[in-house]
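A quick write-up on the structure given underneath.
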Amino acid sequence: MVMNGKEAKKRLEKQYKRQNEHIKDRYDRVSVTLPKGTKERILNQGKSINGYITELVLKDLERIEK
Numbered sequence: 013m014v015m016n017g018k019e020a021k022k023r024l025e026k027q028y029k030r031q032n033e034h035i036k037d038r039y040d041r042v043s044v045t046l047p048k049g050t051k052e053r054i055l056n057q058g059k060s061i062n063g064y065i066t067e068l069v070l071k072d073l074e075r076i077e078k
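For what it's worth, the numbering used here labels the leading residue of the sequence shown as 13, then goes sequentially.
Spelled out as structure tokens, the structure:
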């Protein structure tokens with residue numbers, strides 16, 4: 013199947029829409045503002061920002077909900 017530019021763009025937009033719906037249905041989104049340099053410190057530990065924050069939040073919730 014050969015697609016032209018318009019068809020490829022439409023297909024990609026549909027894919028993005030499905031992905032966004034999937035994320036919206038399964039996850040909560042939050043925005044965090046940290047002091048300058050914090051992002052670099054986390055990355056230097058070999059962790060992603062999202063992974064690091066998620067790990068800390070879930071550990072703390074588990075601790076306080078006991």
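Virtual Cβ for every residue (Gly too), placed ideally from N, Cα, C.
This one's a predicted model, so the numbers in the text were calculated from it and none came from an experiment.
Exercise for review: Please state if the CB of V44 and the CB of I76 are separated by a distance shorter than 8 Å.
Suggested key: Taking the sequence shown and counting its residues from 1, the one referred to as residue 76 is at position 64. Taking the sequence shown and counting its residues from 1, the one referred to as residue 44 is at position 32. Not closer than 8 Å, so no.
Review point. Taking only runs of the alpha helix (DSSP H) that begin and end inside the segment 18-64, which ones reach a length of at least 4 residues, in chain order?
Key: 50-56
Exercise for review: Closer than 7 Å by C-beta to G58: which residues in its own chain qualify, once you throw out the five before and the five after it? Chain order, please.
Suggested key: If you number the sequence shown from 1, residue 58 lands on position 46. For G58, where only same-chain residues beyond five positions count, there are no Cβ hits under 7 Å.
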